[in-house]
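Written below as structure tokens is the structure these notes are about.
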Amino acid sequence: MLNLVLMFLAMAAAIIVAAMVLATYADRIADQSGLGGSVTGLVLLAGATSLPEFSIGFNAVRMGAVDLTAGDVLGSSLVNLLILSVLDLASRQPARILTRTAAAHALSAIVACILTGIVLLGIMLDTSWSLFRLSPVSWGLFITYALCARLLFLDQKTAALHDAQTGHAPPETEVKGRLSTNILSFCGAAAVIFFIAPSLAHTADQLAELTGLGRTFFGTLFVATITSLPEAVATFAAIRMGTVDMAVGNILGSNAFNMVILGAVDFASPQPV
Numbered sequence: 001m002l003n004l005v006l007m008f009l010a011m012a013a014a015i016i017v018a019a020m021v022l023a024t025y026a027d028r029i030a031d032q033s034g035l036g037g038s039v040t041g042l043v044l045l046a047g048a049t050s051l052p053e054f055s056i057g058f059n060a061v062r063m064g065a066v067d068l069t070a071g072d073v074l075g076s077s078l079v080n081l082l083i084l085s086v087l088d089l090a091s092r093q094p095a096r097i098l099t100r101t102a103a104a105h106a107l108s109a110i111v112a113c114i115l116t117g118i119v120l121l122g123i124m125l126d127t128s129w130s131l132f133r134l135s136p137v138s139w140g141l142f143i144t145y146a147l148c149a150r151l152l153f154l155d156q157k158t159a160a161l162h163d164a165q166t167g168h169a170p171p172e173t174e175v176k177g178r179l180s181t182n183i184l185s186f187c188g189a190a191a192v193i194f195f196i197a198p199s200l201a202h203t204a205d206q207l208a209e210l211t212g213l214g215r216t217f218f219g220t221l222f223v224a225t226i227t228s229l230p231e232a233v234a235t236f237a238a239i240r241m242g243t244v245d246m247a248v249g250n251i252l253g254s255n256a257f258n259m260v261i262l263g264a265v266d267f268a269s270p271q272p273v
């Protein structure tokens, strides 16, 4: 029991450090690449912090536990929104995070809602046919995500151009390191999360059995919370660095990416997810 607890704490600490590194280098990549905090948070940071759900989903499919995959992804999305609400309430800034950035991230929130709606539609409909091992719902998720990501990128460019023309562009800051070095460091931190998070979730499941809480309770609540740990830490770190756009984009982007994970898992699953 004690060994499991120590393993759990050590792996959780490693993920916390890796998530903080992710936020730091994502901020540098956003400045050097010109993508901006919103797009970087929505795509890069969200994709990296959603790797635990991706890995756990594939492991669950290999064990034949398709329901666990859907429950983990949807439960993690709910926890992500709770994280954003808690950080908004705990923020010491003069104005609330969600109030200041509501208009800028309205499109991101709509994308997450659309993708979630597609998943819910797939749950209610019985689709027995597939194309290249993907159901119509999975194809809808991939296509919608790609189109919406492109739309968000164009929206970010339009906003940046408008700010430059009106003189509201943020001041340029000196960014440490080269872009290639920052990308490699970002990928290294993402790899740490990808490989450690499944072991952390497995350890949490073992602790559930030993404490008598049961797999069902722990699977829906605790494992979902654990897999959202990278999002929580990365969002908190982004807020501390003053990159609120990236923080909110990370949460909303993670929820959108979580839905796409179901499509990827559908491809690997012998039966429809």
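According to the numbering used here, the sequence shown is numbered sequentially starting from 1. Glycine is no exception: its CB is placed at the ideal position from the N, C-alpha and C atoms. Here the structure is a predicted model, which is why all the values come from computation and not from measurement.
For residue i, the nearest candidate out of the options (CA to CA)
i, options, result
"Leu78", "Leu141, Ala238 and Thr227", "Thr227"
"His202", "Val265, Glu53, Thr166 and Arg133", "Glu53"
"Ser55", "Ser254, Glu231 and Ala197", "Ala197"
"Val260", "Ala112, Ala13 and Leu84", "Ala112"
"Asn258", "Thr116, Gln32 and Ile16", "Thr116"
"Phe8", "Ile239, Val43, Ser199 and Ser269", "Ser199"
"Leu81", "Asp155, Phe267, Ala256 and Asp266", "Ala256"
"Gly253", "Leu152, Ala19, Phe58 and Phe132", "Leu152"
"Ile110", "Asp31, Leu147 and Phe267", "Leu147"
"Val5", "Ala204, Asp245, Thr225 and Ile239", "Ala204"
"Ala264", "Phe142, Leu210 and Pro230", "Phe142"
"Gly188", "Asp245, Met1, Ile16 and Leu22", "Leu22"
"Leu84", "Ile251, Thr211 and Ser269", "Ile251"
Span separating the alpha-carbon of residue i from that of residue j
i, j, result
"Ala26", "Leu121", "34 Å"
"Thr144", "Phe186", "26 Å"
"Ser180", "Arg28", "11 Å"
"Val61", "Leu262", "11 Å"
"Val233", "Gly71", "22 Å"
"Leu134", "Ala149", "21 Å"
"Arg178", "Leu107", "31 Å"
"Gln156", "Ala30", "12 Å"
"Met20", "Leu131", "40 Å"
"Met285", "Met11", "Residue 285 falls outside the range modelled here, since the chain spans only 1 to 273, and no answer is possible."
Boundaries (first-last residue) of the alpha helix (DSSP H) holding residue i
i, result
"Thr243", "Element bounds for Thr243: n/a, residue is neither H nor E."
"Thr40", "No alpha helix (DSSP H) contains Thr40, which DSSP labels as neither H nor E."
"Phe8", "Leu2 to Ser33"
"Gly122", "Ala106 to Met124"
"Phe336", "The question about residue 336 has no answer, for the chain in this structure spans 1 to 273."
- Message: Does the structure place the stretch 175 to 193 close enough to the stretch 48 to 56 that three or more beta carbon pairs sit under 8 Å?
- Response: By the criterion of at least three beta-carbon pairs nearer than 8 Å, the stretch 48 to 56 is in contact with the stretch 175 to 193.
- At which residue ranges does the stretch 127 to 153 contain complete beta strand (DSSP E) runs of 3 or more residues, listed in the order of the chain? Uninterrupted beta strand (DSSP E) stretches at least 3 residues long and entirely within the stretch 127 to 153 do not occur.
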